[in-house]
Amino acid sequence: MITLRDLVPGDALAVQRIYSGASVTFTRGYVMTIGEATTCVTTAITQARVSPRERWCFGVTAGADLIGVIKLRDRGAGHATLSYILREDSWGRGYGTAAVRQVIAYAFTATHLDRLSAKHHPDNPASGCVLAKAGFTRTTVFQGRVDGLAVAYPVYEIHRVPAPGTRRPVTPSPTPDGSTAQDSG
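Going by our numbering, the first residue of the sequence shown is number 652, and it counts up by one from there.
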């Protein structure tokens, strides 16, 4: 069983351990220093106090053990990007899927967000499996670069489901003459 919680000042060593070993292979590519981990935790604490909030950073815990970090970044218009990293010794236990499901529930009940997207390195298909198990759908490919080489990152999305009895605004479709279906008539 995992839970999400805000990071606290004493988490720097655990965050440094998360951003090490094989865990950084498809992210930063290098181990986080204790100074970087301290800055990461301090920044997360500061961002949690900003209003309106644009970034969310939660620790992923198994029992009392901080095993990962999961983040949301507001990109505007109700959209946020999701990213996560788990400590290498916690892989393969369903913790990533559980953390992503919990952050989706949080995003769609406690924030203004309507759409989340995430991408993963193509050599890390396990992250794609985590996203799919949590309800994301693969939608497109992002053409990025790593060490000067082109890399095609699979992109996934999930949308807030409207509450029963509510309707989302309908975007009118243009007709051949340039008017919309709602204009004509």
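Glycine residues also receive a C-beta, built at the ideal position from the N, C-alpha and C atoms.
In this text, all values refer to a predicted model and were calculated from it rather than measured experimentally.
Exposure label - residue i; buried when at least 16 CB within 10 Å
i    : result
Y746 : buried
L664 : exposed
V659 : exposed
Y807 : buried
M652 : exposed
V701 : exposed
P805 : buried
A761 : exposed
Residue i versus residue j: straight-line alpha-carbon distance, rounded
i    : j    : result
R726 : T690 : 22 Å
L800 : Q794 : 10 Å
T686 : R738 : As written in the sequence, residue 686 is Gly, which differs from the Thr given in the question. Distance between the alpha carbons of G686 and R738 is about 18 Å.
L717 : A803 : 31 Å
I755 : D798 : 32 Å
V792 : N775 : 14 Å
G714 : R656 : 12 Å
For residue i, the first and last residue of its enclosing beta strand (DSSP E)
i    : result
A801 : 800-810
R726 : 716-727
L737 : 730-737
R668 : Per DSSP, R668 belongs to no beta strand (DSSP E); it is in the alpha helix (DSSP H), 663-669.
Boundaries (first-last residue) of the alpha helix (DSSP H) holding residue i
i    : result
A749 : 746-761
G710 : Run containing G710: none in the alpha helix (DSSP H); it sits in the beta strand (DSSP E), 706-713.
G686 : 685-698
S778 : 776-784
CA nearest to the CA of residue i, picked from the options
i    : options                : result
Q753 : P773, V781, A728, S741 : V781
T722 : A715, P703, A695, V659 : Here residue 722 is Lys; the residue named in the question, Thr, does not match the sequence. Minimum Cα distance to K722 is reached at A695.
C708 : D662, A728, H771       : D662
L764 : P703, S674, R668       : P703
R811 : T791, V701, F787       : F787
T712 : T693, V701, T654       : T654
A769 : V751, R796, R668       : V751
A731 : S741, T748, F759, R796 : F759
S671 : G710, L733, G719       : G719
D740 : V675, I809, P815, G816 : V675
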